[in-house]
Amino acid sequence: MALALVCAALLESGTSRADEPKRAVPDFDGRGPPPTTPGDVALWVPRIVFFPLYLTSEYVIRRPLGAAIVAAERSNLPRALYDFFAFGPDHKSGFAPIAFIDLGFNPSVGLYLFWDDAFGKGNDMSLRGSTWGSHWLAGSLTDRVHLHGKDTLALNVTAVRRPDHAYFGIGPRTLQSDLSRFGEDRIDGSAAIELRLWRASELKTGVGVRTVSLYPGNYGSDPSLEQQAATGAFPLPYGFDRGYTAPYSHALAALDTREKRPAPGSGVRIELEGEQGGDVSHVPGSSWLRYGASAGGFLDLSDHGRVLSLTVATLFADPLGAAPIPFTELVSLGGDAPMPGFFPGRLIDRSAAVATLQYRWPIAPFLDGAIQFAAGNVFGVHLSEFQPGLLRFSGAIGIASVGSPDSSVELKFGMGSETIDHGGQVDSVRVVVGANRF
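Numbering-wise, this note's numbering puts 40 at position 11 of the sequence shown, and it's gapless, one number per residue.
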């Protein structure tokens, strides 16, 4: 009887407590809830603007990738792969298969090899080789010598043969329908010193020489450059039928107030870059000066690597003599250059102006996601043809590895438009996936 009364009391007590509202968490430190910061408010801007792309990135890329990483770690797969592809007691040498796909161009497959502390401490070597048949061959050898601190001396030799480069003509009004193909054999050797200065500021300077041979190309049913020129779509560009050998010197100076990760990514970067080169295989030969400047502001919205940035860049190419500049040495937009929604080499001329808004966030260790929107175009001498109606738009979303200067992995989807005067319609779609491009 006593036991029954105790049980009844407990049930009654539990029922009454279940009906009571939950007690608020006490403010033990007396400081109240954390205040809302400007970054918390600003974070909603990219969330709303890029919401559809964010859904794709979050639920198609990041979450499945995160689940795959967790599953792989639980099965000890990363350690097994690391031990398989890397050799030695300290895993300072190894190899990895590589592949690269840029839809609209030939894919490539190959091998990446590395050897840290090769022949001595502080001397890192890497070798990459790719192919897609006898007409598509590429290789690169890099020897990076670590000097005082984080300063390095980089020696590099690259050789590429490929028949599928895209050419649409020169100027801001070129059309996607004028697509043509040309082939290129290029050998480039260079030596450069990279000095790491205050925070992320840097200074790079180097010299090199490259030999370029150009010829009619092919990809699928696309016409060659000569065939498209014969239809009147554009004139044959200068340099196509002669090739060149060009010694060059290059310099880059950047003032960057950002600190290295994992510090917050807010700051400012101002960059100046220039290259002087000249053709020594012809008399008279071409000589040119390419230069540019960019300024960007970066705001880490959460102090955890979610960075919103706005960058403005201008690029120029000027002849230093009477001969014109070979078209492969003009200012170029698309591909790895600004406005990646376009094919590599989609836009070329004597100058360019681009503004880029980007939101970047961490997805996994050494892997970032990025959404960007850019407006700009190429123009004539010193932006002489610049007008709002000639602007194009480029949008892209993707993920890319961060950290290593000699190896990279990326997945990217981008789109590019015609000029505003031509309707501004999207007519260029670009999909990139793979590692270690050429």
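Positions of the beta carbon are idealized from the N, C-alpha and C atoms, including for glycine.
Beta-carbon to beta-carbon, I377 and I199 are separated by about 6 Å, close enough to satisfy the 8 Å threshold. Here V407 is not near A425, since their CB atoms are 8 Å or more apart. Between the alpha carbons of S430 and F395 lies a gap of roughly 5 Å. Only residues of its own chain outside the window of five on either side were considered, and among them S295, L337 have a CB closer than 6 Å to the CB of L328, listed in chain order. By the Cβ criterion, the stretch 353 to 363 is in contact with the stretch 308 to 318, since at least three pairs of Cβ atoms, one from each stretch, lie closer than 8 Å. By the Cβ criterion, the stretch 244 to 264 is not in contact with the stretch 215 to 230, since fewer than three pairs of Cβ atoms, one from each stretch, lie closer than 8 Å. Boundaries for Q205: no alpha helix (DSSP H) harbours it, and the DSSP string shows neither H nor E there. The beta carbons of G235 and A220 sit closer together than 8 Å.
In the displayed model, R92 falls within a helix according to three-state DSSP. Distances from the alpha-carbon of N135 to those of V455, T160, A342 put T160 closest.
Secondary structure note for Q416: it is in no beta strand (DSSP E), with a DSSP letter that is neither H nor E. With a minimum length of 3 residues, the unbroken runs of beta strand (DSSP E) contained wholly in the stretch 230 to 316 fall at 231 to 245, 273 to 285, 296 to 307.
Straight-line measurement puts the Cα of Y320 at about 9 Å from the Cα of A280. DSSP lists G443 as the bridge partner or partners of R459. Between the alpha carbons of G168 and N185 lies a gap of roughly 11 Å.
Per the C-alpha coordinates, the member of G139, S163, P348, R173 positioned closest to D145 is R173. Taking a cut-off of 8 Å on C-beta distances, the stretch 137 to 144 touches the stretch 118 to 126, as three or more cross pairs fall below it. The bridge partners DSSP lists for Q387 are S338, Q401. Boundaries of the alpha helix (DSSP H) around R108: 106 to 114. Around the C-beta of G363, 16 or more other C-beta atoms lie within 10 Å, and the residue is accordingly described as buried. Counting the other CB atoms within 10 Å of its CB gives A399 a total of 16 or more, which places it among the buried residues. Counting along the chain, I354 sits inside no beta strand (DSSP E), nor does DSSP assign it H or E at all. Counting other Cβ atoms within 10 Å of its Cβ, F148 stays below 16 and is therefore classed as exposed. Exclusion of the five residues before and after D217 leaves T187, G237, R239 as the residues of its chain whose Cβ lies within less than 7 Å of its Cβ. Buried is the label assigned to R375, since at least 16 other Cβ atoms lie within 10 Å of its Cβ.
In terms of Cβ geometry, F402 and L386 form a close pair [threshold 8 Å]. For D193, the uninterrupted beta strand (DSSP E) run begins and ends at 181 to 196, by DSSP. Under the three-state reduction of DSSP, A381 is assigned to strand.
Comparing alpha carbon positions, the residue from P252, K179, P192 closest to K233 is K179.
The straight-line gap separating the alpha-carbon atoms of D397 and P107 is approximately 19 Å.
If you check the CB distance, V341 and R379 do not come in under 8 Å. In this structure, R210 keeps its C-beta atom at 8 Å or more from the C-beta atom of Y244.
Taking a contact as a CB-CB distance under 8 Å, the pair L94 and I392 counts as one, their CB atoms being some 7 Å apart. Within the same chain, Cβ atoms closer than 7 Å to the Cβ of F116 are found at S122, G123, the five residues on either side in sequence being excluded. Spanning the alpha carbons of E223 and G303 requires a straight line of approximately 15 Å.
F80 sits exposed, since fewer than 16 C-beta atoms from the chains shown fall within 10 Å of its C-beta.
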